[in-house]
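Please read the structure below before turning to the comments.
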Amino acid sequence: MIYYLHILLFLGGCILGQQVLAQTPTQIVRGQVTDAASRSPIPGVNIILVDIEPLTGTTTNLDGYFIFRNVPVGRQSLRFTAIGFEPRMVTNILITSGRETVLDITMRESVIELDELEVQPEVLKERPINAMAVNSARLISMEEASRYAGGFDDPARLVSSFAGVAGSLSDNAVVIRGNAPKGVLWQMEGVGIPAPSHFANLLTLGGGGITALSSHMISDSDFYTGAFPAEYGNALSGVFDLNIRNGNNRKYQNAIRLGAIGLDAASEGPLPLSDGASYLFNYRYSTFSLITPLLPEDAGGISYQNLSYKINIPTSNSGTFSIWGIGAMDNSGQTANSNPDNWIYNQDREEVESPTGFGAAGIRHRIPLTGNTWISSTIAASGNELRYSLDRYNDDGTILYPKEYVNSSSGKLTARSVINFKVNPFHSNRTGFILSRVGYNQRIRYADNPAQPLETLNDATGSSLHYQSFTQSRFDINKITFTAGLHVQHFALTNSTSIEPRAGINYSAGRHTYSLSYGRHSQTEPVSIYFASPANRSLDLVKADHLVAGYSFMITPRLRLHSEVYYQRLFDVPVIPGTSYSLLNLELDWFIKDTFVNDGNGKNYGLDVTLERYFNDGWYGLVSGSLFDSQYQGSDGTWRNTRFNRRYTLALLGGGEWEFGGANRHRMLGFSGRLSIMGGKKISPIDHTESLERQDIVYDESQAFSLSEPPVFYADATIEYRVIRSKITSVWSLQLMNLTGYQEFYGHRLNLRKNTIEEEREMILIPNISYKIEF
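Start counting at 1 in the sequence shown, then tack on 2, and there's your number in the numbering used here.
Structure, rendered in structure tokens:
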């Protein structure tokens, strides 16, 4: 069915493409302006299109809505001003003929009495949507994820350009300030979801290979790297707070993209369910078959697909209902070679099958109680599944015996409700609860040799409750903003509770801003850990105290310097008694059968610096760097490097865009490049004697993480050519990942022919050329 829909959408685009009018392409820009604290509409806001001569303006109606007609395509900027509110600038919005531009604008009430004529609108594109955030937070844009080099339409890869964040080529796991990727909370429409990536938890726990998100679906969202507000729980290092935009409720719009790695189709438009109702969906099917020669030798057979949607239904008296969902299915594996003469490494005689998938769906209801109070409630179901089997031929290639087997699935039913109350212009409060029923089905088996049957390490099926509640307030007093809150969570499976205070203060003095924030945070472990041993079900939650101090300087209206120093103390960390093993270093290990105790500690501290030039006059740039140290203490009492202690990261990102064209065609050519430099992750020395005896790699954990992997150095580039006609927009794009040919380090492996141990390094070079049509 979906394939016929693709054909119809493509034919529709071709027909519309013939109806090109001999006039300058224009488009409608519309939206709503609301109060950032109360989310109530703001009437009478003055809005000006600042890049058009003569100046064109309008005002919002009683419901906060505005509309501009016949706006020329290309980059445009809008200025929003209203008495009693801080002015706001929204710059460099991309206007195309293929889709209307619908904006959701929030403005913050001003608590400083100034002459309205003296107030200059702020251009702070990085300021988060959540007004409760003081520092270590910034807005992420999916438009930037598709345009910036290395973004690959993936917010996780986009944020790897930010200070304090380290990424890699082979996966999109996010390492924040030396913390493991499993410490990140992914949240969509207000509720926690599994990491929205294909092949999630197959390459690393908490990350995957390629995003299942789409730039067609996700609106501006928030990203946090520490000391986040009280509404976020069950996370140690950071938060992705993702929002799905509403579909166009007045006009049908479609988009199709064909590329080297697959097909992507999106559609949106009005629904006859109510006045203002709309739908939005996106479907993607991808395969790496066309670029297999450029991938690692065991990466063949990769395919994946995902679907996401949202139905938005506003009502006259009962608030607004939205139905949303996202899901993905993946498949990968490799075939074993049965001839021992062809074996060089153990992986040559191994057969792997690893289908994975995840999904989340929910219903959200939002209703205003008064002009200053609203309630948002969500019921959602989510889950993920990983099936992994590895069979290996015996030494003479006659028997293919099972060696590793994982069947791990988990599901969560969540109810969340939040009440937001704006007491007065100086004080707003947000209070709510999150109740989740967590279900799990774990079956993990392992065998060392052909003579040994699979040993069951984990076999558990059941469910438990996870309860969270929070309250937080924001106070504005002249140039000072103060936030305070409390988060409480209880995990019934281990009967553990954590009480977590959060607080922050921000002081603005002209172009200078100073901030300080503190937060206690805690997190549960992967379910497989609790069932590796009966004693593990009495483990406490791992906890962390975050302390962050920040300083920002607006050098010019388009150039910003921002720096943060931080210290994170981790405690109650699960460790194996008498060893150096700590779950702070957990990257990917399903085959655990040990008993843990909460005797471990950790500490992360460092400096993050960002110099960013906002997009203006056709170009932008960003330089971000971090110097940090990440250490842990196992049960043996020795302080060591964590696995993720890279010591330093540096990212240079920049690009430009040129506009040109005639009466009925507007063209845009864009280029973006990124250079990433960082230290290598830490690794333990190899026990050569035991490795050769066991014919597999064995590390010396008595000297855990005392060595470093090679430093990382790679570059990405994106070239985009856009043609905007009166009814359709066409986009040619070339995204190049790792154009410098850097060989990523994967550890060590045994050469069976030479009986030696070698470094395992692979070059991942992904060129994605694509064509997209919007109509």
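By construction, the Cβ of each residue, glycine as well, lies at the ideal position given by its N, Cα and C atoms.
Here's a check: name, in chain order, each residue in its chain whose Cβ is nearer than 6 angstroms to the Cβ of Y442, leaving out the five neighbours to either side. Sequence-distant partners of Y442 (beyond 5 residues in either direction) whose C-beta falls short of 6 angstroms from its own C-beta, in its chain, are S412, V529.
Inter-residue spacing [alpha-carbon to alpha-carbon] between S2 and F777: Because the chain spans 3 through 777 in this model, residue 2 falls outside it and cannot be assessed.
Sequence-distant residues of its chain with Cβ nearer than 6 angstroms to Y783 (five each side left out): There is simply no residue 783 to check, as the chain begins at 3 and stops at 777 in what is shown.
Am I right that I679 and V714 are in contact with their C-beta atoms under 8 angstroms? What's the rounded C-beta distance? 7 angstroms
Using CA coordinates, which residue listed in L694, N740, S772 is at the minimum distance from H750? Taking only the C-alpha atoms, the option nearest H750 is L694.
Extent of the continuous alpha helix (DSSP H) run through Y516: From DSSP, Y516 is part of no alpha helix (DSSP H) but of the beta strand (DSSP E) over 514 to 525.
With H, G and I counted as helix, E and B as strand and the rest as coil, what does DSSP make of H690? helix
In angstroms, rounded to a whole number, what distance separates the CA positions of I220 and R366? 16 angstroms
Report the residue from G166, S686, N72, R159 whose alpha carbon sits nearest the alpha carbon of H564. The shortest Cα separation from H564 among G166, S686, N72, R159 belongs to G166.
When you compare only the Cα positions, how much space is there between T108 and R41? 8 angstroms
Determine the extent of the beta strand (DSSP E) in which I531 is found, giving its start and end residues. In the DSSP assignment, I531 falls outside any beta strand (DSSP E) and lies within the alpha helix (DSSP H) extending over 529 to 532.
What did DSSP end up calling M144 once you bin it into helix, strand or coil? In the structure shown, the three-state DSSP call for M144 is helix.
For S320 and S276, what's the separation of their Cα atoms in angstroms? 12 angstroms
Please return the same chain residues whose Cβ sits closer than 7 angstroms to the Cβ of E760, not counting the five positions on each side in sequence. Contacts found: H750, R751, N753.
Top-ranked residue by Cα proximity to G604, from L586, D619, R615: L586
What is the DSSP secondary structure of Q787, reduced to helix, strand or coil? Since the first residue of the chain shown is 3 and the last is 777, residue 787 is not available in this structure.
For the pair the segment 492 to 505 and the segment 247 to 256, tell me if three or more CB-CB distances fall below 8 angstroms. no
Euclidean distance between Cα positions of S500 and I771: 49 angstroms
Pick helix, strand or coil for N770, following the three-state DSSP scheme. Of the three classes helix, strand and coil, the one that applies to N770 here is strand, per DSSP.
Residues bridged to V92 (per DSSP): L80
With A158 as the anchor, note down where its alpha helix (DSSP H) starts and where it stops. 157 to 160
Please report how far the alpha carbon of E233 lies from the alpha carbon of H489, in whole angstroms. 7 angstroms
Nearest candidate by alpha-carbon position, reference W842, set A653, L654, T651, M670: Examination of residue 842 is not possible in this model, given that the chain is present from 3 through 777 alone.
Leaving out five residues before and five after R539 in sequence, what residues of the same chain have Cβ atoms less than 6 angstroms from its Cβ? Excluding sequence neighbours, R539 sits near T496, Y532.
Do S324 and R368 have their C-beta atoms closer together than 9 angstroms? yes
Below 7 angstroms CB to CB, which residues in the same chain sit around G264 once its five sequence neighbours on both sides are set aside? R286, Y287, S288, T289
Beta-carbon separation (whole angstroms), G152 vs D718, contact threshold 8 angstroms: Under the criterion of beta carbons closer than 8 angstroms, G152 and D718 qualify as touching, at roughly 4 angstroms.
Per the contact definition of three or more C-beta pairs closer than 8 angstroms, is the segment 474 to 488 in contact with the segment 430 to 442? The segment 430 to 442, when compared against the segment 474 to 488, does touch it at the 8 angstroms Cβ threshold.
Local conformation of L467 per DSSP, three classes: strand
So G235 and F593 are in contact, right, with Cβ under 8 angstroms, and what is the actual spacing, rounded? The beta carbons of G235 and F593 sit about 29 angstroms from each other, so the pair does not count as a contact at 8 angstroms.
For E692, count the other beta carbons within 10 Å of its own beta carbon; 16 or more makes it buried, fewer makes it exposed. Which is it? exposed
I'd like the list of long-range same chain contacts for L654, defined as Cβ closer than 6 angstroms, with 5 residues on each side in sequence excluded. Excluding sequence neighbours, L654 sits near V625, L677.
DSSP three-state assignment for E703, whether helix, strand or coil: Helix.
Leaving out five residues before and five after L371 in sequence, what residues of the same chain have Cβ atoms less than 7 angstroms from its Cβ? I377
Same chain only: Cβ atoms within 7 angstroms of A462, ignoring 5 sequence neighbours per side: These residues qualify, in order along the chain: Y442, Q444, F533.
Quick check: the Cα distance between N308 and S384, rounded to an integer number of angstroms? 15 angstroms
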